[in-house]
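> Residue numbers (the working numbering), protein chains in the order written: chain A, 72 to 428; chain B, 8 to 331.
1) Within the continuous alpha helix (DSSP H) that includes residue 97 of chain A, where are the two ends?
2) Do we get a CB-CB distance below 8 Å when we pair residue 263 of chain A with the residues of chain B?
3) Taking only runs of the alpha helix (DSSP H) that begin and end inside the stretch 233 to 318 of chain A, which ones reach a length of at least 4 residues, in chain order?
4) State the beta-bridge partners of residue 177 of chain B as determined by DSSP.
5) In three-state DSSP terms, what is residue 213 of chain B?
6) Alpha carbon to alpha carbon, how far is residue 279 of chain B from residue 119 of chain A? Give it in angstroms, no decimals.
7) Using a Cβ-Cβ distance under 8 Å, would residue 409 of chain A count as near chain B?
8) So for residue 332 of chain A, helix, strand or coil by DSSP?
9) Should residue 47 of chain B be flagged as near chain A, meaning a C-beta pair shorter than 8 Å?
10) Have a look at residue 187 of chain A and residue 167 of chain A and give me their C-alpha separation to the nearest angstrom.
11) Check each candidate in A:103, A:79, A:85 and name the one with the smallest Cα separation from residue 92 of chain A.
12) Looking only at DSSP bridge pairs, what is residue 10 of chain B linked to?
13) Could you tell me how far apart the beta carbons of residue 256 of chain A and residue 265 of chain A are, in whole angstroms, since I believe they sit closer than 8 Å?
14) Could you give the distance in angstroms between the alpha-carbon of residue 132 of chain B and the alpha-carbon of residue 319 of chain B?
15) Taking the alpha-carbon positions, what's the residue 227 of chain B to residue 276 of chain B distance?
16) Whole angstroms are fine: how far does the CA of residue 179 of chain A sit from the CA of residue 398 of chain A?
17) From the beta carbon of residue 103 of chain B, is the nearest beta carbon of chain A less than 8 Å away?
18) In the structure shown, what three-state DSSP assignment does residue 186 of chain A receive?
19) Taking the alpha-carbon positions, what's the residue 312 of chain B to residue 129 of chain B distance?
20) Measure from the alpha carbon of residue 107 of chain A to the alpha carbon of each residue in A:117, A:122, A:124, A:136, then state which is nearest.
21) Using three-state DSSP, classify residue 343 of chain A as helix, strand or coil.
22) Is residue 100 of chain B closer than 8 Å to residue 36 of chain B when the C-beta atoms are compared?
23) Give me the DSSP bridge partner(s) of residue 62 of chain B.
24) Label residue 282 of chain B either buried or exposed according to how many other C-beta atoms from any shown protein chain fall within 10 Å of its C-beta, with 16 as the threshold for buried.
25) Cutting at 6 Å between CB atoms, please list the residues of its own chain near residue 19 of chain B, excluding the five before and the five after it.
26) Going by alpha carbons, who is nearest to residue 114 of chain A out of A:98, A:133, A:102?
27) Roughly how many angstroms separate the alpha carbons of residue 213 of chain A and residue 287 of chain B, rounded to a whole number?
28) Whole angstroms are fine: how far does the CA of residue 246 of chain A sit from the CA of residue 65 of chain B?
29) In chain order, what residues of the stretch 109 to 123 of chain B put their CB closer than 8 Å to some CB of chain A?
30) From the DSSP output, in three-state form, read off residue 354 of chain A for me.
31) Quick one: what does DSSP say residue 296 of chain B is sitting in, helix, strand or coil?
32) Measure the alpha-carbon distance for residue 332 of chain B versus residue 73 of chain B and round it to whole angstroms.
33) Could you give the distance in angstroms between the alpha-carbon of residue 110 of chain A and the alpha-carbon of residue 69 of chain B?
34) Taking CB distances under 8 Å as the criterion, tell me whether residue 393 of chain A reaches chain D.
35) Run the CB neighbour count on residue 333 of chain A, radius 10 Å, all protein chains shown included, and call it buried at 16 or more, exposed below.
36) Taking only runs that begin and end inside the stretch 159 to 203 of chain A, name each unbroken alpha helix (DSSP H) of 4 or more residues, in chain order.
Below, the structure is given as structure tokens:
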């Protein structure tokens, strides 16, 4: 039933040429740095949350290959509808680390004025759509954006990110169905990280895979090793290219593992065995990619450690840059509800700042 | 000027704006070849093609979600929800997504979607073809909620909704679709959102209402007039953001306020209007603010006419206010 699991990186460090995106060394190095940056961000953000300096964080440790590989496959005009765990795709898309970090602090360094909790950023300039907390609501929206692009004759693709939990929602069904009916240039990228908070994949669906669900909607489903950056990049690139060329939607299921908690509010030891995590840690996507780069002669072990240190320093600099920014203004509370402030919000603004406004 | 029904006026607003603005697209169930179950989009599929007049699968969350994505991309989507009673599957897309896009992106991603939907009772539609859920949407920050009663407003308000920067829930009183007839300006015609219409000037009682209750208010006012009571009728047209100035001015002139709607009473929009009136015009009031509303029950089938406020109930409230 389920489509074959596609992988490029073999046990012995060689690469299956059929799934090799054939990236130049410069790109490989760039991608490795982004993986390291994403992991360094997780480590720092969790410690910031634990020490009370930020309120919340959603980590993506273990999912770096899915995030960085898929995000890298995007082209300039493409649109991205992310979920709250997709800071990796955003980073590689060109969303600055300092913007991600500024949003964590929700102060004047946050482009969205502290309106949202951490991990809910956006950037209009790179078609990176605003994140919300409800799961999978972005999927029908991504179909609409794809429809609009097609109507206008824009040769772009739209990618929507979600997780295994999202595949159970009504919006997943509606979006897949609409995309199939209209043949929109939409790529549905599911990071199947095996858990929706505490619920394991086997209890999320009786299907053997997420990818096979695409068949019911009349389009292709692809299953890829989500801890294999090269394969993820290749299948995503192919799906996006197909979409841009008018070939319609694709569902990609990237099999990966959330090595950390769902969020800083979660304790995964309550619902999953440590042995399972340890088993997946053997397939740690960052280490796996580092090993590939070492064997390919792109990066040696010593350089890898230097790059990891540089990533930690970059995160540290971003934190320094953002943490000291002033708080958002009280007046921003009532801004951006409507294009122009209506009378009732103007009245409520008078309650702020001791009656000014 | 041409004489039109409300549904014809809505149709003309859609057709004319589609002609002027290629970014306007329509989507919904049965709106294409079938022209919509109320015929609001009749002939538009043939005229503008299936790419712009889009028949959708039966999934309201998909319709609204898709419209949001289109709006983010730069189109001006007008979604039709066949009956407002079926809007609830799209409630999450409306409340959590559409209404909040501007705020959650600090203005980077406005989503100017118009959702047109027939609302209210009067067609013997029972529980699921008769509801008046406007209060849910008024309660949701970021939405503009509009409900015309006169055909000219149907055209003018819908035109403004399709041009505005914010999402609009455009409630159409289906009971008036073919009953309301009136003069409608030909060609480009926009009525600004957020401005109420004084249907009838009066000095003794302010009757504040909207949608299908406007003609009911008018009948009650005629009767009251025979009893020597002068009633001022305000058709809010835009429920939210409210034209609070129009309400203030009227109530402060008459000293008596009655709010009239067919939606259920408890936490209905009338409750908010009552609170605003007492906060803003308390010292002008000569009588308690009265609410004439539907009942706190599901919308009934057999007892539809009992449920929907009629001129008799409105008139009783007018008399009670005057005789207080």
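Glycine included, C-beta positions come from ideal geometry on N, C-alpha and C.
In short:
1) For residue 97 of chain A, the enclosing alpha helix (DSSP H) has its first and last residue at 96 to 121.
2) no
3) Segments of the alpha helix (DSSP H) lying fully in the stretch 233 to 318 of chain A: 241 to 253, 272 to 275, 300 to 315.
4) B:123, B:153
5) strand
6) 43 Å
7) yes
8) coil
9) Judged by the 8 Å Cβ criterion, residue 47 of chain B is not in contact with chain A.
10) 18 Å
11) A:79
12) Assignment of beta-bridge partners to residue 10 of chain B by DSSP yields B:190.
13) Not really, about 29 Å apart at Cβ, beyond 8 Å.
14) 23 Å
15) 21 Å
16) Straight-line Cα distance between these residues: approximately 6 Å.
17) yes
18) Residue state, collapsed to three classes: coil.
19) One C-alpha to the other measures close to 8 Å.
20) A:136
21) In the three-state reduction of the DSSP assignment, residue 343 of chain A falls in the coil class.
22) no
23) Partner residues in the beta bridge of residue 62 of chain B, as assigned by DSSP, are B:35.
24) By the 10 Å Cβ count, residue 282 of chain B comes out exposed.
25) For residue 19 of chain B, same chain residues with a beta-carbon under 6 Å away, outside a window of 5 residues either side, are 162 in chain order.
26) With distances taken between Cα atoms, residue 114 of chain A lies closest to A:133.
27) 45 Å
28) The straight-line gap from Cα to Cα measures roughly 12 Å.
29) For the stretch 109 to 123 of chain B, which is checked against every Cβ of chain A, the residues closer than 8 Å are 109, 110, 111, 112, 113, 114, 115, 116, 117.
30) coil
31) coil
32) Outside the displayed span of chain B (8 to 331) sits residue 332 of chain B, for which this structure offers no information.
33) 35 Å
34) Within the model displayed, chain D is absent; protein chains A and B are what it includes.
35) Its Cβ being crowded by 16 or more others within 10 Å, residue 333 of chain A is buried.
36) Entirely contained in the stretch 159 to 203 of chain A, the alpha helix (DSSP H) runs reaching 4 residues are, in chain order, 168 to 176.
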